[in-house]
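Asks: Here our numbering runs 2 ahead of the position in the sequence shown, where the first position is 1.
Once you've had a glance at the structure underneath, I'll fire off some questions.
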Amino acid sequence: MALKITVIGTGYLGATHAAAMAELGFEVLGLDVVPEKIEMLQRGEVPMYEPGLEELLRKHVAGIEGSSGRLRFTMDFAEVAAFGDVHFVCVNTPQKHGEYACDMSYVDSAFAQLAPHLTRPALVVGKSTVPVGSADRLARELAAAAPVGADAELAWNPEFLREGLAVQDTLHPDRIVVGVRSTHAEKLLREVYAGPVGEGSPFVVTDFPTAELVKTSANSFLATKISFINAMAEVCEAAGGDVVKLAEALGYDDRIGKKFLRAGIGFGGGCLPKDIRAFMARAGELGADQALTFLREIDSINMRRRGQMVEMAREALGGGSFLGKRVAVLGATFKPDSDDVRDSPALNVAGQIHLQGGQVTVYDPKGMANARRLFPTLGYAETAVEAVRGADVVLHLTEWREFRELDPEALGEVASNRLILDGRNALDPGVWRAASWTYRAMGRPSA
Ligand code: UDX
């Protein structure tokens with residue numbers, strides 16, 4: 003009989019994982035503790051913007067016309083326990099308030115609520131990003147709290163999906179990593195992932211700590227790559243070089259590769275910043291803090307970028323104060339093709355300029371509602387053109403395709419000053435200069 007799958011926590015990770023499991027042919031039951039989320043999902047609506055996810059959900063959610071009916075949602079842990087052979091835990095692990103460490107309360111609560119209902123053998127699979135050592139503890143707690151005892155087994159299966167590409171990354175993962183303690187657990191997970199493995203996704207079997215570490219070290223590596231090129235951007239600013247050309251030339255060395263070498267205002271979002279901090283905190287607890295002190299520098303290079311963008315804007319406006327200056331900000335989300343504004347460098351820059359007296363008007367294709375909620379005192383416009391109307395300077399802070407397709411000539415007619423600063427090195431300087439704009443980007447004073 004085909005395995006029955008449950009997914010606990012239906013945020014970016016869980017909602018996508020649940021829909022993908024249904025797409026792979028399994029019967030799936032998703033659970034969340036937020037009633038509004040469950041109601042939306044039951045209607046086939048996605049609580050956030052993620053390309054392709056709504057279509058995939060509607061293809062499978064029971065009750066929607068023409069759907070496979072393989073995907074249902076509930077708020078009831080007893081129902082989940084009775085239904086599933088494999089339970090994926092996909093709840094979030096934010097940064098603890100006021101410290102670097104990871105807040106495990108959602109993970110702990112998911113396990114605590116599920117375990118007492120496990121009256122038949124089940125595999126519980128953690129997907130959340132957790133401090134190394136968590137799986138070992140959770141496995142013990144699970145077996146102790148479940149009526150079936152040791153037949154409630156744990157596995158750890160980190161998730162590497164990128165926002166904006168979540169559906170593709172889940173259906174066609176570039177690798178599947180499973181931390182397991184038995185051949186039975188490995189066998190079940192091979193069954194779950196038979197589709198992608200059949201298409202060629204590598205299947206890496208490890209112990210618990212290694213599986214947990216793959217995720218945090220992958221994110222640390224990516225953060226390091228971005229901060230490396232941003233450090234080079236600082237040197238280029240000082241030496242009169244061009245970081246975009248530098249990155250291109252570095253990227254031809256396939257040991258280095260060209261991806262994740264885009265200099266600009268740096269990384270943000272719900273993962274990279276908090277994951278590198280939680281990793282440092284955990285290494286400290288383990289007595290290995292020296293191994294990760296470099297991540298402190300990665301974090302500070304990254305956070306410095308936001309302030310440098312503010313200073314670049316101040317200088318471009320002639321130095322002095324932002325008082326009375328009108329600043330258009332294109333982009334609010336932490337990256338394009340997402341509505342996520344968590345720790346967004348773009349909003350951070352907009353907020354700093356606003357707090358220094360600038361009149362900031364923000365436009366973002368998908369992030370407006372979330373940005374307004376987080377930063378209600380900023381000005382917002384319904385279109386890029388409206389944001390730019392009357393602006394003394396335009397800041398390009400999230401690299402949406404829509405912004406690359408703007409007509410500099412038309413925009414120049416509404417701006418009070420043809421001055422654009424590219425915080426993402428994503429616009430074509432030639433096109434803007436041809437329309438008489440002064441174009442300046444980070445790390446390329448000479449370009
Ligand atoms: C990241 C990891 O990529 C993913 O594997 C993990 O599962 C979750 O964390 P995500 O947060 O969706 O995914 O964003 P990502 O695409 O990694 O970008 C992170 C940030 O880095 C964004 O703010 C982006 O603008 C910035 N970035 C990325 C750069 O500044 N330069 C680059 O070259 C690449």
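Glycine included, C-beta positions come from ideal geometry on N, C-alpha and C.
As the structure is a computational prediction, the values presented were derived from the model and not from experiment.
1) Suppose only complete runs of 4+ residues qualify. What are the alpha helix (DSSP H) ranges in the stretch 91–155, listed by chain order?
2) Pick from 359, 339, 373, 261: whose alpha carbon is nearest that of residue 346?
3) Does DSSP put residue 358 in a helix, a strand or coil?
4) Rounding to the nearest angstrom, what Cα-Cα distance links residue 25 and residue 170 in this structure?
5) So residue 127 and residue 91 are supposed to be a Cβ contact under 8 Å. How far apart are they, rounded?
6) Can you give the beta carbon distance from residue 74 to residue 64, rounded, assuming they're within the 8 Å contact cut?
7) Measure the Cβ-Cβ separation of residue 353 and residue 398 and say whether it is below 8 Å.
8) What is the residue span of the alpha helix (DSSP H) that residue 190 lies within?
9) Could you give the first and the last residue of the continuous alpha helix (DSSP H) run that contains residue 82?
10) Note down, in chain order, each residue of its chain lying with its Cβ closer than 8 Å to the Cβ of residue 304, except the 5 sequence neighbours on either side.
11) Verify the contact flag: residue 273, CB atom, against every heavy atom of the ligand UDX, threshold strictly below 7 Å.
12) Looking at residue 266 and the ligand UDX, is the gap between the Cβ and the nearest heavy atom below 7 Å?
13) Would you mind reading off the limits of the beta strand (DSSP E) that contains residue 442?
14) Count Cβ pairs between the stretch 353–372 and the stretch 305–315 that sit closer than 8 Å; are there 3 or more?
15) Since I believe residue 88 is in contact with residue 125 (beta carbons under 8 Å), could you give me their beta-carbon distance rounded to a whole number of angstroms?
16) Flag residue 397 as yes when its Cβ comes closer than 7 Å to any non-hydrogen atom of the ligand HEM, and as no otherwise.
17) Starting from the C-beta of residue 291, find all residues in its chain whose C-beta is less than 8 Å away, skip the five residues before and the five after it, and write them out in chain order.
18) How many Å lie between residue 98 and residue 273 at the Cα?
19) What residue does the beta strand (DSSP E) around residue 424 start on, and which one ends it?
20) Between residue 337 and the ligand UDX, is the CB less than 7 Å from at least one heavy atom?
21) Just grab the DSSP bridge partners of residue 178 for me.
22) Which runs of the beta strand (DSSP E) spanning at least 3 residues fall entirely within the stretch 319–371, listed in chain order?
23) Considering only residues of the same chain and omitting the five flanking positions on each side of residue 391, which have a CB-CB separation below 6 Å?
24) Among the residues of its own chain, which have a CB less than 6 Å from the CB of residue 237, if the five just before and after it don't count?
25) Can you check whether the CB of residue 80 is closer than 8 Å to the CB of residue 19?
26) Can you say whether residue 160 is buried or exposed, counting buried as having 16 or more other CB atoms within 10 angstroms of its CB?
27) What did DSSP end up calling residue 253 once you bin it into helix, strand or coil?
28) Take the Cβ of residue 311 as the centre, count every other Cβ of all protein chains shown within 10 Å, and call the residue buried at 16 or more, exposed below.
29) Tell me, please, whether the stretch 131–138 touches the stretch 198–212 by the rule of three or more beta-carbon pairs shorter than 8 Å.
30) Out of 3, 4, 60, 122, which one is the CA nearest neighbour of residue 17?
31) Is it buried or exposed, residue 440, if we count other Cβ atoms within 10 angstroms and call 16 or more buried?
Replies: Taking the coordinates as given:
1) 107–116, 136–147
2) 373
3) coil
4) 12 Å
5) 7 Å
6) 5 Å
7) no
8) 185–194
9) 79–85
10) 225, 228, 229, 232, 268, 269, 275
11) yes
12) yes
13) 440–443
14) yes
15) 5 Å
16) Here the bound small molecules are the ligand UDX; the ligand HEM is not part of this structure.
17) 282, 285
18) 13 Å
19) 421–424
20) yes
21) 205
22) 328–332, 361–365
23) 416
24) none
25) no
26) buried
27) helix
28) buried
29) yes
30) 60
31) exposed
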